[in-house]
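Heads up: the sequence shown is residues 1 to 1278, going by full-length UniProt numbering.
Idealized CB from N, CA, C, for every residue including glycine.
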Amino acid sequence: MVKQVELVPAGCQPWNHDVVAVHGDKFAYSATLAIYIYKFDPKYNEYYLLSIMSEHKKTITSICWCPENSNYLASSSVDGTVIVWDIIKQATVARHTSKEAVFSLGWSHDGRHCLGVMNKKGPLWLWYTEDGKNVSMVKETQNYSSPVTLFRWHHEKHACLAFGHENGTLSVLEIGSKSLKHLFKPEDSGEYEENSNPIITLEWDPLSNDYLLICNKLEGVRLVDISSQRLIMQFQLPSAASQVQTLAWIKNAPGMFVTGDFKGGILRVWSVSNVTPIENIKIKAIGFHRLEVLKHVKKRNVKDAEVLGITDLNQNSHSNHVSSTSEAKSSAITTLSNFALPPAEIVCTFKDGGVGLYDLGHKKWTFLRDQGHIETIFDCKFKPDNQNHLATASFDGTVKIWDITTMTCLSSSPGNEGIIYHISWAPGDLEFIAGCTAKQGVFVWDVNKGKIIKRLSNHAPKTTVYCVAWNEIDSKLVMTCGADNYCIVQQVDGWVMQKYKHPGAVYGCAWSPFSKDMLATGCEDKCLRVFYMTSSSTQPIRVFTGHEGKVFHVRWNPLKEGILCSGSDDGNIRVWDYTRDQCVCILSGHKAPVRGLTWNTEVYSLLVSGSWDSTIRIWDTRDGACLHCILDHGADVYGLTSHPSRPFLLASCSRDSTVRLWTITSLIQPIELHLLAGKPWSELSSSGDSCLLSGDLSSQMLAGRVSKDLYTSMSQRENVKASLLEGFSKFFSHPCGVDNLWDLVSVLMGQNSMMLSPSYIKGIVHRQHLTQLKSSEAQQLEMIKMSKFGAGINAPSKEERLNEAANIQIKLGNVQRYCEIMVELGKWERALAVAPSVSMEYWHKLNQRYCKALIAEDCEESLPFNVAAGNVKQLASYFTSRGQLADAVLIAQSAHEGSIKTPEVKEAVVSSCGDTDLAMEKLMVELMEELAESYFNKGSPVMAACCHLAIDDQKKALSKLIRGHELELAMSVGQVLGGATSQTDIVLELLSRRCEALGKWDLGLDLLKLQKSPANQQAMLCARCSSSLAEINLLHQKAGLPLVEMCDAKANSMKSSPNDIQECVKYYLLSSSPEEGLLLGLQYVHDVMKSSNWRTDEVFPMIQLLGCIKTEKLQQIKYTEQMQELLALSAYIGALIAIKREYYPIVESLFQHARSLIRKGHLKMTLTEKHVDDSLEVYSAVIEGRVTEATELAYKKLLKCCGSDPFNAIEPGPDYVASSHLPSHSDIHVSYLSGERIKGQPFFLEDGNSVISLSEALMWAKVNPFSPLGSGVRINPF
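What follows is the structure, given as structure tokens:
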């Protein structure tokens, strides 16, 4: 299945007012067509992308959260559609359509789910969403003389609203009562043009029923009293050039609010008692669009506080008598605390689409996505010589370059180009991008210099240029085509080489990869044309007809000369053979015009298309079959491109303003599996016409230059097998973490750090390099001039008194008392500087107090003082509680190497060096494992594996890859390292199951032969094989097993021997009478379970073996009862194994499934419905915390029954498939097992309708071979 591996969210749109909303621990913002929801994760102390919702077909104008239900969010659009969403289910709760565009929304606080809906001219409509159809008009809002910009409900007076108008005035309405219209007209309104000074934001004072903050575009911020209709305060900005764009109250700081400037990205903090701001913070270079303050404040949990040693720092259990050695009770714990800003997190969005969460208390970004496209992305292209750089072109007038390993924006073009339709990188290592625009012709952007260096104006003035293509062979040539009916070939300096006249607008053009002089175009007249530049004529040498709509993009096949394709507004893609002058294939399936097109550069017949129907389709052009349809984009798909060195990695862009990365390796899985099985290169690669062989796509071979060059390069290395596994592992995979993983494998293999990739230092580094590389990084940073902010000004009177007292004490020689006064003043550093003159013991205690004070304030400046004190565990816990696990790991490793030591003080008991080393070693491992777990739970098993390899733990590294379903990568790493045989054997077993699903039984056997002891798994594969008798016998021979007809005799001879029951059942299953094995195996399981002390270790191998019985035999009517027994036993024992393996998401479903089968089949067997109910009740009670003494005893007995699970070498914990954290726009599925919305890949069950998540399917199949539908069909999601 095609899998989404990365996502760049859209930026926040900058043209509508209410496009940011907050509620509790969630915030949302709106792009053009989609809404992005983020939620706080208390486990890792950070916000994550919860969901993306897109159903609007026109620009979203407003979003707002329901105050009564934090899962309900309303949105509106210019087409008049208003939708109420359930953000958890990502489903529409209610929908209303207005006749006119809706620009403002607002929920009433009356508890009745009343939503106010309004366009600019009015009136206001009240929609009671729970009723669905109850919409009423507020008559008082019909006759405003100026359009409404936005409105706000009062938080206490539920029928009261305030309206801002374009003429800068304010109206206040109490429904059913009084109405005040057009108040507080700006005093200097005569200086401005009409409607040039509108109210752009307004907010009710949360602590007052009558006060309101309003902000006009040009007038600034005013606090007004509605009841008396008077101006309370006109706030003054520091400069006349400053202009406020947005504001919000700080709910947890009475009387305080923040504003964001229209220009310059300055955040200002205000108090209603001051006319001027009390703090000005420049947080970004670009201006604000909107900001909202989260009510939710991240809190350190009690456990963290205890670990960090944080208690009431001002408590003093001693006498209140003050002596020269008394500890000061400091009102100012640190120098900065007198002037600390309120703890608040501010959601900030900016004019360039940037979105961030700013921590006001600490004056730093919690996270910042610096830039994002705010409109349709029309094109995307990988850089030829740096394939991890992806350029995108957008309707917003910018070209942006992204690093796909981190999905961060590296640079952006100057902008102001209008609509950019298409881009093309200069060939080779040239750092130029050519782009074509709607009205400004063609430009060339110098990426290094960050400026436009050339404009090509050979098309008619103000004419739209639709496509640009740089010649890959001759870097001087650029081709463009546009609405003036011309395709123009020109040099980069603007010199025109050829102009090809067409009957209509020319939308697409492309150079042939086999000739620098051949090109193709797509035209409005529904034709595709081929031209040859060296011809003396400007007429085409081929004209292809057949499309019923205009031809947009054209693409040449990179592997087969003369083959090209075209996408059209008729919804079809046609494949043409230039050499035969005919259409060789028509690809039909899209329901709207086709825009994106890209050929795969390794498999000749693989073509990918994108359409206005919001889908991406992958085609086999030999027979026209659609291999896969991707539904995740929420709007028209425009740009598609394949990674140059990872040809099965695909990038797409869309009108939903997102960039997405996909891996399509699953479509050619047998190629990679053949490589892992050690097949010769000749069976994997082809050239010329041999790549055109018939058969399904899985039978195709690699035919591109990248694979051939890679094989040649790897074959020349010393360890050819390891090099091939590493090289092709990168070739088939996505780049996120894989290069880092192989760097760590190289370290474990003894490679010098100087030989590793340049990106190694930016990722997870091995513990032996950690301090060395970080020291090097620090030395580089020391050469950078850093600026520091002052601590502010203390209260003068108190400071003067204490300073005078301190001067007296120091003159008297009372150094300790001087230090305590400095502490009281918050001047800890000065106290620490002279404390050693008292004693090192006192300095150590004082430093410990300061460390606790800093950590209590969550101050980053605690780091050097904790290091000086040797507080390694405290620092590690501090960083862990903040989600900075990488820093915690660095601290632990430094301590382990002895760089951080506990100061030796008088009478201090210092542990032995060996004990300290062991403690630091243990701490280092614990922290790195916690970091690994955090990566894994965020959908990055590869990065989790990197963490384990960094501390030399191969087994857990492979376990993370297996649990994340990165099986091919786990296999490659396991074979190269060779130190985790059990884990590698499990990978081989799962990959052989994948071969079964593909019908590649021989290949599955080949993989199993690489196991240490493959006999049992090979026999089970042969038993499951559903091929013809002749093919099964060939498999038996290959596996060293008797022929089918001979297995009967062997099983019969063993039946009389009770010691060989497992072998007897195995041979029956391999024979033509598998039902005999079924009866015998079931009897064995029943006999074992009659014992009061039975364990799963005794029966699970038999259940797994019986699960190999051929489905057609098991489903025969005469064996219905036996099938039901087998399914019930498999489900129940699977539930016990799942408990042992910590597959908690499926345990209850397995118990319920077993109970349902027993009840439905009226089964009379050892396992009864009551046994299952009792087990489920005990398990549920423990999970839900309903533990009694009896429950605890019953659960211990249940765990004893679960056994030790000796058949599993994987670390316990649920499977979580890579990238399952990524939300989807559409194609929403609800799990058959849990009833919850599936994130990530779905897995369809055999009825074609029921679906579970791929992670659920993997866990289920590992403990129960049969489908959850109870049909007797095996489940194989591998």
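Where residue i sits in the DSSP three-state scheme
{"i": "D709", "result": "helix"}
{"i": "Q13", "result": "coil"}
{"i": "A1242", "result": "Sequence check: residue 1242 is Pro here, not Ala. Looking at P1242 - three-state DSSP - the assignment turns out to be strand."}
{"i": "R595", "result": "strand"}
{"i": "D620", "result": "strand"}
{"i": "P206", "result": "coil"}
{"i": "S940", "result": "coil"}
{"i": "T335", "result": "Here the model assigns T335 a pLDDT of 41, short of 50, so the residue's position is not dependable, and the following value carries that caveat. Three-state result, T335: coil."}
{"i": "A876", "result": "helix"}
{"i": "R849", "result": "helix"}
{"i": "K381", "result": "strand"}
{"i": "M137", "result": "strand"}
{"i": "D656", "result": "coil"}
{"i": "E306", "result": "With a pLDDT of 45 at E306, under the threshold of 50, the modelled position of this residue cannot be trusted, and the question is left open."}
{"i": "T1166", "result": "coil"}
{"i": "Q539", "result": "coil"}
{"i": "V8", "result": "strand"}
{"i": "I200", "result": "strand"}
{"i": "Y1216", "result": "coil"}
Rounded Cβ spacing between residue i and residue j (contact assumed at less than 8 Å)
{"i": "P1223", "j": "E1142", "result": "So it is not a contact: roughly 26 Å between Cβ atoms."}
{"i": "Y1216", "j": "G898", "result": "Contact flag wrong, Cβ pair sits at about 37 Å."}
{"i": "L673", "j": "L1003", "result": "6 Å"}
{"i": "H459", "j": "D484", "result": "5 Å"}
{"i": "L124", "j": "C114", "result": "Not quite, the Cβ-Cβ distance comes to about 11 Å (not below 8 Å), so this is no contact."}
Contact check, residue i vs residue j, beta carbons under 8 Å
{"i": "A10", "j": "G397", "result": "no"}
{"i": "G220", "j": "L237", "result": "yes"}
{"i": "E279", "j": "L213", "result": "no"}
{"i": "I286", "j": "K351", "result": "yes"}
{"i": "P404", "j": "E968", "result": "According to the sequence as given, residue 404 is Ile; it is not Pro. No."}
{"i": "L1029", "j": "L1082", "result": "no"}
{"i": "S666", "j": "M1", "result": "yes"}
{"i": "Q582", "j": "T538", "result": "no"}
{"i": "W85", "j": "S70", "result": "no"}
{"i": "V272", "j": "L223", "result": "yes"}
{"i": "C527", "j": "V551", "result": "yes"}
{"i": "E1236", "j": "S1271", "result": "no"}
{"i": "L1035", "j": "L1008", "result": "no"}
{"i": "Q975", "j": "T984", "result": "yes"}
Spatially closest choice to residue i from the options, by CA coordinates
{"i": "L587", "options": "R580, Y578 and L597", "result": "L597"}
{"i": "T902", "options": "E1045, G678 and L875", "result": "L875"}
{"i": "P558", "options": "G441, T59, L702 and Q582", "result": "L702"}
{"i": "I433", "options": "E726, S136, M1102 and V492", "result": "V492"}
{"i": "N1033", "options": "A520, R655, L1070 and V608", "result": "L1070"}
{"i": "P461", "options": "V442, V447, E472 and C467", "result": "V442"}
{"i": "G639", "options": "R655, L649 and D632", "result": "R655"}
{"i": "R994", "options": "A833, I671 and Y47", "result": "I671"}
{"i": "P593", "options": "V738, Y578 and I616", "result": "I616"}
{"i": "V465", "options": "V489, D474, K439 and K476", "result": "K439"}
{"i": "V102", "options": "D79, V258, I88 and F40", "result": "D79"}
{"i": "S145", "options": "K1118, L170 and A159", "result": "L170"}
{"i": "N274", "options": "G562, I420 and I232", "result": "I232"}
Practice problem: Give, in chain order, every unbroken run of the beta strand (DSSP E) that is at least 3 residues long and sits entirely within the stretch 426-499. | Solution: 432-437, 442-446, 451-456, 465-470, 477-482 and 486-491
Quiz prompt | Whole alpha helix (DSSP H) elements within the stretch 1011-1036, 4-residue minimum | solution = 1015-1024
Quiz item: Whole beta strand (DSSP E) runs in the UniProt repeat "WD" (53-95) with 3 or more residues, listed along the chain?
Solution: 60-65, 72-77 and 81-86
Self-check item: beta strand (DSSP E) runs contained entirely in the stretch 379-414, provided each spans 3 or more residues
Solution: 389-394, 399-403 and 408-412
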